[in-house]
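Participant:
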Amino acid sequence: MKKTLKALLPLILLVTGVLVGCSEDQTTAKEVDPSKAEQKEVSNKKEDVSEPVTDENGRVLLTEVGQKVKEEDGTSVELLKIKEINQSVDIAPVKVVVTNMKVIQLTDIHPDNTDYLLQFMNASELPEKLNYIQINYTAENTSDKNIGWNGISTIVTNTGEQLDAMGNDFIWEENGFDSTFYGKTKHEGTIGVFTTSNVDELKSLKFIISSSYDEDTYEDITSEQQAEFGF
């Protein structure tokens with residue numbers, strides 16, 4: 001369970017968005033090329049940006065590039081890139097649906113958050129503009145048996161970054177789980193990892209999704225899988 005940061009939590013919830021999508025069987029666990037019906041192009045231009053909307057829980061949803069919001073502590077949040085994915089990857093008995101991926105920029109970060117954020121970066125001080133990649137996904141254990149699964153372990157960018165999505169995920173999840181995935185349960189997850197890549201050069205992300213395994217014998221049920229999606 002990740003450390004709770006009360007000052008940052010509203011910001012974390014703000015950029016999470018809505019998780020949707022359904023699983024699709026992939027016995028060979030190949031990458032799936034998104035179809036027209038499943039994947040929607042979202043313009044990455046900042047022209048004619050609409051105001052962010054608020055969901056039924058009072059969370060502001062950044063769904064359009066260029067949308068900004070300022071937190072009570074002065075931290076500014078801006079959506080730089082977004083791509084709706086809604087594609088499934090099979091790590092039987094786990095079915096993972098990558099819902100969407102975003103690049104978000106934080107500026108004017110409150111000093112109280114500095115030490116917390118630096119824990120997840122290879123840096124001694126925060127830059128003026130701090131960018132991170134956010135992945136929204138759902139996962140379902142379709143079996144009756146509890147299994148072991150560690151989620152999305154690594155994110156590889158087309159710019160050459162290899163980002164630790166387990167150790168450097170700074171987004172705290174109240175309902176997160178630590179490796180044990182109980183039978184017939186579902187999980188909605190959000191990953192946030194910092195990136196130093198030029199945002200304009202970020203064209204695609206490859207996800208390394210950890211294996212599912214038997215918790216008694218530690219033997220793999222389905223081996224580690226990869227899936228790549230473009231912005």
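In this note's numbering, the protein residues as written are 1 to 231. Ideal Cβ placement from N, Cα and C applies to all residues, glycine included. Source: prediction; values computed, not measured.
(1) Considering tyrosine 137, what are the terminal residues of the beta strand (DSSP E) in which it resides?
(2) Contact criterion: CB-CB distance below 9 Å. Does threonine 217 meet it with respect to chain C?
(3) Could you check which residue in His110, Leu62, Lys81 has the C-alpha nearest to that of aspartate 73?
(4) Report yes or no: do the stretch 147-162 and the stretch 59-74 share at least 3 C-beta pairs separated by less than 8 Å?
(5) Kindly list the residues whose CB is nearer than 6 Å to the CB of glutamate 140, restricted to its own chain and excluding five residues on each side of it in sequence; keep chain order.
(6) Apart from the five residues just before and just after aspartate 108, which ones in its own chain have a Cβ nearer than 7 Å to its Cβ?
(7) Give a yes or no on contact between the stretch 172-182 and the stretch 80-87, applying the rule of three or more CB pairs nearer than 8 Å.
(8) For the alpha helix (DSSP H) that contains threonine 114, what are its first and last residues?
(9) Bridge partners of isoleucine 147, per DSSP?
(10) Looking at the strands, I want to know which residues DSSP matches up with valine 97.
(11) Could you have a look at glutamate 224 and say whether DSSP puts it in helix, strand or coil?
(12) Report the rounded CA-to-CA distance for glutamine 225 versus threonine 138, giving the unit in angstroms.
(13) Following the continuous beta strand (DSSP E) through glutamate 188, name the residue where it begins and the one where it ends.
(14) Just mark aspartate 169 as buried or exposed, buried being the case when its beta carbon has 16 or more other beta carbons within 10 Å.
(15) According to the Cβ coordinates, are tryptophan 149 and phenylalanine 194 closer than 9 Å?
(16) Between threonine 159 and glutamate 228, how many whole angstroms is the CB-CB distance? I'm expecting something under 8 Å.
(17) Express the C-alpha separation of leucine 205 and methionine 252 in angstroms, rounding to a whole number.
(18) How about glutamine 134 and threonine 190: are their beta carbons less than 9 Å apart?
(19) Since isoleucine 147 and isoleucine 209 are thought to touch, with beta carbons under 8 Å apart, how far apart are those beta carbons, to the nearest angstrom?
(20) Run through DSSP, which three-state label would aspartate 200 get?
(21) Taking C-alpha atoms, which residue in Tyr218, Phe231, Asp214, Gly230 lies nearest to proline 93?
(22) Which one of Thr114, Gln119, Asp164 has the shortest CA to CA distance from glutamate 128?
(23) Take proline 52 and list the residues in its own chain whose beta-carbon comes closer than 7 Å to its own, dropping the five residues that flank it on each side.
(24) When you compare each of Asp48, Ser50, Asn131, Gly151 to valine 97 by their alpha carbons, which one comes out closest?
Facilitator: According to the data block:
(1) Its beta strand (DSSP E) spans residues 129-141.
(2) In the structure shown, chain C does not exist; there is a single protein chain.
(3) Taking the Cα of aspartate 73 as reference, the smallest distance to any Cα among His110, Leu62, Lys81 is reached at His110.
(4) The stretch 147-162 makes no contact with the stretch 59-74, as fewer than three CB pairs between them are under 8 Å.
(5) Hits under 6 Å: Lys95, Lys186.
(6) For aspartate 108, where only same-chain residues beyond five positions count, the Cβ hits under 7 Å are Gly74, Thr75, Ser76.
(7) With the rule of 3 Cβ pairs closer than 8 Å, the stretch 172-182 does not count as touching the stretch 80-87.
(8) Segment 114-118, the alpha helix (DSSP H) holding threonine 114.
(9) Looking at the DSSP assignment, isoleucine 147 forms a beta bridge with Phe181.
(10) Beta-bridge pairing links valine 97 to Ser88, Thr138.
(11) Residue state, collapsed to three classes: coil.
(12) Going by the C-alpha atoms only, they are around 16 Å apart.
(13) Run containing glutamate 188: 186-195, per the beta strand (DSSP E) assignment.
(14) Classification for aspartate 169: buried.
(15) Not in contact: tryptophan 149 and phenylalanine 194 (Cβ atoms no closer than 9 Å).
(16) The beta-carbon separation of threonine 159 and glutamate 228, rounded to 14 Å, does not stay under the 8 Å limit for a contact.
(17) Because the chain is modelled from 1 through 231, residue 252 falls outside the range shown and cannot be assessed.
(18) Contact flag set, yes.
(19) In fact, because the Cβ distance is near 14 Å, the residues do not count as touching under 8 Å.
(20) In the three-state DSSP reduction, aspartate 200 falls in the helix class (H, G or I).
(21) Comparing Cα-Cα distances from proline 93 to each of Tyr218, Phe231, Asp214, Gly230, the minimum goes to Asp214.
(22) Nearest Cα to glutamate 128 within the set Thr114, Gln119, Asp164: Thr114.
(23) Cβ contact annotation for proline 52 (same chain, cutoff 7 Å, sequence separation greater than five): Val60, Leu61, Leu62, Gln67, Val69, in chain order.
(24) Nearest option by C-alpha distance: Gly151.
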